[in-house]
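K.L.:
Residue 575 in our numbering sits at position 108 of the sequence shown, with consecutive numbering throughout. This is the structure I want to talk about, given as C-alpha cells.
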Amino acid sequence: MKDEPAETRTIQNVDNEENPQIKDSVVTHFRKWKDYSQNNYQGSYSIKACDIRKAHNFKNQLPEQSDYNYFVHELKENDKNTLSGVYYLFDHIKNEKKLNPVKFSEMIVSFAQDIPYSIVLDKSCNPDLYQENYIKDYFKTKNASCDPYQRYGINSPVEFLGNLKGDCDTRTLLLYTILDHYGYDVLLLTSQFYSHSILAVNLPVNGQKFNFFGVNYTVWETTSFLPPGIIPVEISDQNKWKITLKSNNNGNQ
Numbered sequence: 468m469k470d471e472p473a474e475t476r477t478i479q480n481v482d483n484e485e486n487p488q489i490k491d492s493v494v495t496h497f498r499k500w501k502d503y504s505q506n507n508y509q510g511s512y513s514i515k516a517c518d519i520r521k522a523h524n525f526k527n528q529l530p531e532q533s534d535y536n537y538f539v540h541e542l543k544e545n546d547k548n549t550l551s552g553v554y555y556l557f558d559h560i561k562n563e564k565k566l567n568p569v570k571f572s573e574m575i576v577s578f579a580q581d582i583p584y585s586i587v588l589d590k591s592c593n594p595d596l597y598q599e600n601y602i603k604d605y606f607k608t609k610n611a612s613c614d615p616y617q618r619y620g621i622n623s624p625v626e627f628l629g630n631l632k633g634d635c636d637t638r639t640l641l642l643y644t645i646l647d648h649y650g651y652d653v654l655l656l657t658s659q660f661y662s663h664s665i666l667a668v669n670l671p672v673n674g675q676k677f678n679f680f681g682v683n684y685t686v687w688e689t690t691s692f693l694p695p696g697i698i699p700v701e702i703s704d705q706n707k708w709k710i711t712l713k714s715n716n717n718g719n720q
C-alpha cells in the first residue's frame with residue numbers, strides 16, 4: 468500500500484454563513500510529522516477561506532504607527548478563536564496518545580517545526596530591496612521560499628495555517644497562541660540584535676533557560692527541529708532577548 472504524503476492541501480466549496488448567495492470555501496491540510504522521540508502524528512485541520520481573508524484584512528487595517536508588541540498581540544487576539552480546526556486535531560491526538568503536558572507541547576511545537584521554512588517579507592521577494600544580510604543570505608540557499616507583501620513581514624496564526632508560509636516570528640506567534648490556549652505559561656521573545664524570535668515555556672525539562680522574575684523558562688527554537696532547551700550558541704545571550712508577549716497562565720495544563 469502506498470504511503471500517504473506528509474502534506475496535502477484540498478479546497479472544498481461551502482455555503483457562506485453570512486451571505487448564502489455567495490459561495491465560500493474551506494482549506495483543509497493533512498499533515499504527518501514526528502516529535503523528538505520519533506513518535507508519529509498525523510491528521511487534518513480545516514480553515515474557512517473567509518477567516519483567512521478576514522485575518523489578512525485585520526492585519527492590514529491596524530494603525531500605521533502600531534508598536535510591534537501591540538501589533539502581534541492584536542494578531543493573536545484576533546485569531547485565537549478561529550483556530551478550532553487545529554485545536555480539534557491536537558485534542559484528538561492528546562487523548563489518543565495520552566500525552567502528558569511536556570509531550571503534548573513537544574507534539575505541538577514539532578508540528579510547526581516540520582513545516583518548511585518560508586521567509587515572510589513586507590515588500591517583494593527581491594533580495595536587493597533589503598539591507599539585512601540574513602535576507603540576502605537566505606535567497607542564496609537552495610529552494611528559498613518567500614511570501615511577499617505581508618505587513619510587518621509576518622503572517623498571523625490563521626494566515627500561516629492557511630498557506631503554511633512562515634519564518635521565525637510567524638511560527639512563534641502561532642505556537643504562542645496555541646500554547647496559551649492550552650494553559651501553558653509561555654513567553655514570546657524577540658531580538659532585534661539577532662533578527663530572530665523564539666519561545667520560552669515554563670516546563671520541567673533540562674536545557675537553557677530564560678529567567679523572568681525568578682521563573683526559569685525553557686527556551687525553544689521553532690525554525691529548526693530542536694527540542695526545548697537547545698538553541699544555537701550564537702543566539703544564546705539572554706540579555707539580547709526582550710519579551711514581546713507573556714501569557715497569563717500559571718502553567719497548569
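Ideal Cβ positions, reconstructed from N, Cα and C, are used throughout, including at glycine. None of the values given here were measured: they were computed from a predicted structure.
Considering only residues of the region 592–616, which uninterrupted alpha helix (DSSP H) runs meet the minimum length of 4 residues and lie entirely inside it, listed in chain order?
P.N.:
Listed in chain order, they are 600–605.
K.L.:
Throw me the rounded Cβ distance for the residue 654 and residue 627 pair, which I believe falls under 8 Å.
P.N.:
Taking the first residue of the sequence shown as position 1, residue 654 is located at position 187. Taking the first residue of the sequence shown as position 1, residue 627 is located at position 160. With a Cβ gap of about 19 Å, residue 654 and residue 627 do not count as contacting.
K.L.:
Just to confirm my understanding: we take residue 698, look at its own chain, exclude 5 residues before and 5 after, and list those with CB closer than 7 Å. What are they?
P.N.:
Here residue 698 corresponds to residue number 231 of the sequence shown, with the count starting at 1. Hits under 7 Å: 665, 675, 686, 688.
K.L.:
Measure from the alpha carbon of residue 497 to the alpha carbon of each residue in 682, 616, 693, 514, then state which is nearest.
P.N.:
Within the sequence shown, numbered from 1, the residue matching residue 497 stands at position 30. Nearest C-alpha to residue 497: 514.
K.L.:
To the nearest angstrom, how far is the alpha carbon of residue 723 from that of residue 569?
P.N.:
Outside the shown range of the chain (468 to 720) lies residue 723, about which nothing can therefore be said.
K.L.:
At what residues does the beta strand (DSSP E) containing residue 664 begin and finish?
P.N.:
Counted from its first residue, the sequence shown places residue 664 at position 197. Where residue 664 is concerned, the enclosing beta strand (DSSP E) stretches over 663–668.
K.L.:
Suppose the cutoff is 7 Å on Cβ atoms and the five residues either side in sequence are ignored; what does the same chain contact list for residue 647 look like?
P.N.:
Working through the sequence shown from its first residue, we reach residue 647 at position 180. Result list for residue 647: 653, 714, 716, in chain order.
K.L.:
From residue 641 to residue 511, what distance separates their C-alpha atoms?
P.N.:
Residue mapping note: residue 641 aligns to position 174 of the sequence shown, counting from 1. Residue mapping note: residue 511 aligns to position 44 of the sequence shown, counting from 1. If I take the Cα positions, the gap works out to 17 Å.
K.L.:
Taking residue 637 as part of the alpha helix (DSSP H), name the residues at either end of that continuous run.
P.N.:
Counted from its first residue, the sequence shown places residue 637 at position 170. Per DSSP, residue 637 belongs to the alpha helix (DSSP H) from 635–648.
K.L.:
What does the Cβ neighbour count give for residue 663, buried or exposed, with the cut at 16 atoms within 10 Å?
P.N.:
Within the sequence shown, residue 663 is the residue found at index 196, counting from 1. With 16 or more other Cβ atoms within 10 Å, it is buried.
K.L.:
So, residue 671 versus residue 503, is the Cβ gap smaller than 8 Å?
P.N.:
Position 204 of the sequence shown holds residue 671. Position 36 of the sequence shown holds residue 503. No.
K.L.:
Any chance the region 578–592 sits against the region 607–626, with 3 or more Cβ pairs inside 8 Å?
P.N.:
They touch, by the three-pair rule.
K.L.:
Taking 7 Å as the limit between beta carbons, can you name the residues of its chain near residue 538, skipping five residues before and five after?
P.N.:
Locating residue 538 in the sequence shown gives position 71, where the first residue counts as 1. Result list for residue 538: 529, 619, in chain order.
K.L.:
Beta-carbon separation of residue 625 and residue 519 under 8 Å?
P.N.:
The residue given as residue 625 occupies position 158 in the sequence shown. The residue given as residue 519 occupies position 52 in the sequence shown. It is a contact, given that the beta carbons lie within the stated cut-off.
K.L.:
Helix, strand or coil for residue 580? Go by DSSP, reduced to three states.
P.N.:
Indexing the sequence shown from 1 puts residue 580 at position 113. In the structure shown, residue 580 sits in a helix (DSSP, three-state: H, G or I).
K.L.:
How many Å lie between residue 631 and residue 644 at the Cα?
P.N.:
Within the sequence shown, residue 631 is the residue found at index 164, counting from 1. Within the sequence shown, residue 644 is the residue found at index 177, counting from 1. Going from the Cα of residue 631 to the Cα of residue 644 covers about 16 Å.
K.L.:
Grouping DSSP H, G and I as helix and E and B as strand, with all else coil, what is residue 679?
P.N.:
Within the sequence shown, numbered from 1, the residue matching residue 679 stands at position 212. The answer is strand: DSSP assigns residue 679 an E or B state.
K.L.:
With a threshold of 16 other CB atoms inside 10 Å of the CB of residue 469, please say whether the residue is buried or exposed.
P.N.:
Here the question's residue 469 lines up with position 2 in the sequence shown. Confidence is the limiting factor: at residue 469 the pLDDT is only 44, short of 50, which leaves the residue's position unreliable and the question unanswerable from this model.
K.L.:
What does residue 586 pair with, by DSSP beta-bridge criteria?
P.N.:
Position 119 of the sequence shown, counted from the start, is the residue given in the question as residue 586. Answer is 613, bridged to residue 586.
K.L.:
Over the uninterrupted alpha helix (DSSP H) stretch that includes residue 658, give me the two end residues.
P.N.:
The residue labelled residue 658 in the question sits at position 191 within the sequence shown. Per DSSP, residue 658 belongs to no alpha helix (DSSP H); it is in the beta strand (DSSP E), 653–658.
K.L.:
Between which two residues does the alpha helix (DSSP H) containing residue 556 stretch?
P.N.:
Here residue 556 corresponds to residue number 89 of the sequence shown, with the count starting at 1. Counting along the chain, the alpha helix (DSSP H) containing residue 556 begins and ends at 551–564.
K.L.:
What separation, rounded to the nearest whole angstrom, lies between the Cα atoms of residue 564 and residue 532?
P.N.:
Taking the first residue of the sequence shown as position 1, residue 564 is located at position 97. Taking the first residue of the sequence shown as position 1, residue 532 is located at position 65. If I take the Cα positions, the gap works out to 45 Å.
K.L.:
By the 10 Å Cβ neighbour count, where 16 or more other Cβ atoms means buried, how is residue 704 classified, buried or exposed?
P.N.:
Counting from one through the sequence shown, the residue named residue 704 turns up at place 237. Answer is exposed; the Cβ neighbour count stays below 16.
K.L.:
One question on the structure: do residue 494 and residue 629 come within less than 8 Å of each other, judged by their Cβ atoms?
P.N.:
Translated into positions along the sequence shown, residue 494 becomes position 27. Translated into positions along the sequence shown, residue 629 becomes position 162. Yes.
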